[in-house]
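Quick notes on the structure that follows.
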Amino acid sequence: MSFDREREMFTAKCGDCGNECQVPFKPKDDRPVYCRECFQNHKPAPRPGGRFGGRSGGYGGDRGSRFGRRDDRPREMFDAKCGDCGNDCQVPFRPKDDRPVYCRECFQNHKQN
């Protein structure tokens, strides 16, 4: 891809003030387009925790996660049986029959090795 060519611009009518403006995408009939000035009034509020939704200086925010959560819904948990101690536990992913799943305590033992 060549970076030295001009970006294609499209003519549109601002959904707020009605002025003609240029935008770097092809407008769709079902969504309003805003000129530069009116767009500032429609920008979403910044997320708390910075650009990546986490602690300053890192990507994650919740419980050491490397990736920030997209919303505040509770994470879906799945029932499983620990491959080491045999206790019932819950994990944040759908277990596969061909791979062992570990409870929180046993997982720490595997993580250190």
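Just add 136 to the spot in the sequence shown (first one is 1) and you have this note's numbering. Backbone N, C-alpha and C fix where the C-beta goes; we use that ideal spot for every residue, glycine too.
Which listed residue (the options) has its alpha carbon closest to that of residue i
i	options	result
Cys174	Asp152, Met145, Lys247 and Asn245	Asp152
Arg240	Gln176, Cys150, Arg230 and Asp220	Asp220
Ala148	Lys162, Glu142 and Asp215	Lys162
Phe243	Val227, Lys179, Lys232 and Asp234	Val227
Arg172	Cys150, Glu142, Cys225 and His246	Cys150
Glu156	Val169, Phe229 and Asp165	Val169
Glu212	Lys164, Cys225 and Arg230	Arg230
Residue i versus residue j - alpha carbon distance
i	j	result
Tyr238	Ala181	40 Å
Cys218	Pro210	23 Å
Glu144	Phe214	48 Å
Lys164	His178	17 Å
Arg141	Val159	16 Å
Gln176	Ala216	49 Å
Arg191	Cys225	Unreliable positioning characterises Arg191 in this predicted model, as indicated by a pLDDT of 48, which lies under 50. The coordinate reading is nonetheless provided below. Rounded to whole angstroms, Arg191 to Cys225 spans 29 Å at the Cα level.
Asp233	Asp166	46 Å
Asn245	Phe146	59 Å
DSSP beta-bridge partners of residue i
i	result
Ala181	Beta-bridge pairing links Ala181 to no other residue.
Gln158	Thr147
Gln226	Asp215
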